[in-house]
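Asks: Taken in order, the sequence shown gives residues 2 to 484; the numbers are from the working numbering.
The structure that follows is given in the form of structure tokens.
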Amino acid sequence: MEHITIREHQIPVVKNVDVFIAGGGPAGVGAAIQAARSGADVLLAERLFCLGGTMTAGLMSKVAMSACNYGLAHEIITRMDAYQGTHYLDSRPEVPVDPETGKIILEQMVIDEEHVDVRYGTVVSGVVTNGREIEAVVLSNLDGEIAVRAKYYIDCTGDGQMAFLAGAECMTEQGESYSSSPTLMFRIGNVDLEKMFRYEEENPELFVREYNTYKRHLMTGTECRENIRNQIYAHMADFVRLIRLRCSEHRDEFSEEDEEILLRRGILFLSQPYPNHVLVNSTTNPAWRGDSNVELSASMAEMRKHCHLIHRFAKRFIPGFEESFLMDTASMMGIRESRRIRGEYVLTQEDIESFKKHDDAVCSNSGGVEIHSGKKNSLLLRELDGVEGYDIPFRALYAKDFTNLLMAGRCFSATHPALSAARNISYCCALGQAAGAAAAELSGSGKKDVRDVDIRYVQEVCRANLATMDNTEYVKKYFSEET
Ligand SMILES: Cc1cc2nc3c(=O)[nH]c(=O)nc-3n(C[C@H](O)[C@H](O)[C@H](O)COP(=O)(O)OP(=O)(O)OC[C@H]3O[C@@H](n4cnc5c(N)ncnc54)[C@H](O)[C@@H]3O)c2cc1C
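And the structure:
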């Protein structure tokens, strides 16, 4: 490959902080809030123009909160409910959230209340290292190239981008040579859901569940209507037979290829806090690897076409969608998995399924393996049976190769199946919180290596959140049945 050489150039160091955070998704937000609350001076760089990452810009606006220390997510959703005058928190373990409410609440919490220096439109484009230490990051934004120095750095980019640029060991490939498929999320507005539910009640033979799903997602139209009325998450997903039937009847309008794309997930609508629109989680890429910009760019354009195809089908053949319109596609790809950074410990599927405990646990999760291959009906689910959680050790939150680099969120140190279990929004936020607490403790006490952290302090911060949990009711409901 041809290379170009750039002459040495000077980059101004615009700030020295205790903690630098790359990425403002759920993990970055958790890290920023906690690091600031623990007394650190924090700068967060976000390449987009809002906080929340996949939850807001990615339109994946449904927070899964199973039995873990989801205290920060709990706090965020409580604030969102208060802002909207709703009570969606009670809907857990799966809470629909409005992405615009998310953006304003996260800015209030991170910028206004914790005084984190958030730089939007700012990409981490380089890392200056000295042996096993990160000395500075190079940021690219409207000002050109600037540098920031910090005592500790937390990678919350989802893609492990800062660690990758630093030369840390990352993991992408796994056995089948593709990662969990991404999804470009979109919303459809002006939908008459009541009409759709009535149609389902009148034609039950068309709405028989054929695809693999969670037990708790098996909802009839009648149950969905009831849930929506009571501000509880509704999962509307039984369109497989309708797709097959209508596509074969109208081949001039929907080709075999269109049908194949529609059948990959069979169309899945998610309810949202505000009425008359649905969130759609249905596009897939069957051969996603997650480590190439060419792949990402092509997927984004291809999946936007699929969003329009899905909407065209719904408008034509799903009663209640006749007057609907495609409201928006997400401003970022919904990436379930790309690079993961190798830590001192790598979480495995075996750890998850044996509910493994660790002395340096910072988070306790109960989500099971959920791998989206992207091919037709190929969602691999292994729901965990029991109320126990498995631990995520602090050793999975710092890079093996560096002394001052932590990571949180979906780029933490886990194998492909383990990440598929432990990537939910509330978990990412909790991991961010642990990393933020650790970075603040380390920088505040002048320690030079993340391995010297006062783990008791971090655990106390994380454990304090357990006090906010009362899972008894949903544990009874969702975890005590026969599978
Ligand atoms: C389709 C889909 C469905 C899902 N379903 C659910 C669900 O139902 N419930 C649930 O709880 N979870 C769900 N998840 C999982 C969850 O949304 C993600 O795992 C979680 O949002 C990851 O959070 P994160 O902070 O690690 O990363 P992200 O949300 O990816 O945030 C990373 C942030 O870093 C920024 N960034 C990236 N690179 C740079 C850079 N170089 N410089 C500066 N900023 C950068 C990005 O712009 C982004 O804001 C789903 C995910 C997907 C994709």
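For every residue, glycine included, the Cβ atom is placed at its ideal position computed from N, Cα and C.
For Y391, count neighbouring C-beta atoms within 10 Å of its own C-beta (all shown protein chains included) and say buried if the count is 16 or more, exposed if not.
Replies: Its Cβ being crowded by 16 or more others within 10 Å, Y391 is buried.
Asks: Measuring only from the beta carbon, is S256 closer than 7 Å to any heavy atom that is part of ligand 1?
Replies: Result no, Cβ not under 7 Å from ligand 1.
Asks: For the alpha helix (DSSP H) holding K196, just list the boundary residues, first then last.
Replies: 194 to 203 is the span of the alpha helix (DSSP H), which, as asked, contains K196.
Asks: Please name the residue or residues paired with I135 in a DSSP beta bridge.
Replies: Bridge partners of I135: T130.
Asks: Which term fits E177, buried or exposed, when burial requires 16 or more other beta carbons within 10 angstroms of its beta carbon?
Replies: Note that E177 scores a pLDDT of 48, beneath 50, so its modelled location is shaky; the value from the coordinates is reported in the next line. Per the 10 Å Cβ criterion, exposed.
Asks: In whole angstroms, what is the alpha-carbon distance linking S1 and G291?
Replies: This structure cannot settle anything about residue 1, because the visible part of the chain is limited to 2 through 484.
Asks: If you draw a straight line from the alpha carbon of V20 to that of G437, how long is it in whole angstroms?
Replies: Near 8 Å, if we compare the C-alpha coordinates of G437 and V20.
Asks: Flag A158 as yes when its Cβ comes closer than 7 Å to any non-hydrogen atom of ligand 1, and as no otherwise.
Replies: Looking at the sequence itself, residue 158 is Thr, so the reference to Ala does not match. Yes, ligand 1 has a heavy atom inside 7 Å of this Cβ.
Asks: Tell whether a beta-carbon distance below 8 Å holds between C157 and G335.
Replies: Going by C-beta atoms, C157 is not nearer than 8 Å to G335.
Asks: Quick check on this structure: which residue in E254, P274, T330, E323 has the alpha carbon closest to the alpha carbon of N282?
Replies: The residue with the shortest Cα to Cα distance from N282 is T330.
Asks: When the Cα atoms are used, what is the spatial distance from D253 to T214?
Replies: Cα-Cα distance, rounded: 32 Å.
Asks: Whose C-alpha, out of R210, R247, M197, I112, is nearest the C-alpha of R226?
Replies: The option with the nearest alpha carbon to R226 is M197.
Asks: Spell out the partners DSSP gives F270 in its beta bridges.
Replies: Per DSSP, M237, V281.
Asks: What separation, rounded to the nearest whole angstrom, lies between the Cα atoms of C463 and G445?
Replies: If you take the alpha carbons of C463 and G445, they lie about 18 Å apart.
Asks: Report back the beta-carbon spacing between R133 and F403 to the nearest angstrom; my notes put them in contact at under 8 Å.
Replies: Sure, about 5 Å apart at Cβ, within 8 Å.
Asks: With DSSP as the reference, label E250 as helix, strand or coil.
Replies: Three-state result, E250: helix.
Asks: Any idea what DSSP makes of R290, helix, strand or coil?
Replies: In this structure, R290 counts as coil in the three-state DSSP scheme.
Asks: Starting from H417 and walking both ways along the alpha helix (DSSP H), at which residues does that stretch end?
Replies: Taken as a continuous stretch (DSSP letters only), the alpha helix (DSSP H) holding H417 covers 417 to 422.
Asks: Give a single yes or no on whether Q35 has its beta carbon closer than 7 Å to a heavy atom of ligand 1.
Replies: No, since every heavy atom of ligand 1 falls outside the 7 Å radius drawn around the Cβ of Q35.
Asks: Hey, could you find the ends of the beta strand (DSSP E) K152 is sitting in?
Replies: Unbroken beta strand (DSSP E) run through K152: 145 to 156.
Asks: Under 8 Å by Cβ, that's how I've got V30 and L107 pegged, so tell me the actual separation to the nearest angstrom.
Replies: Going by Cβ atoms, the distance from V30 to L107 rounds to 6 Å, so yes, they are a contact pair.
Asks: On the DSSP bridge assignment, give the partners of S181 in chain order.
Replies: Per DSSP, none; premise fails for S181.
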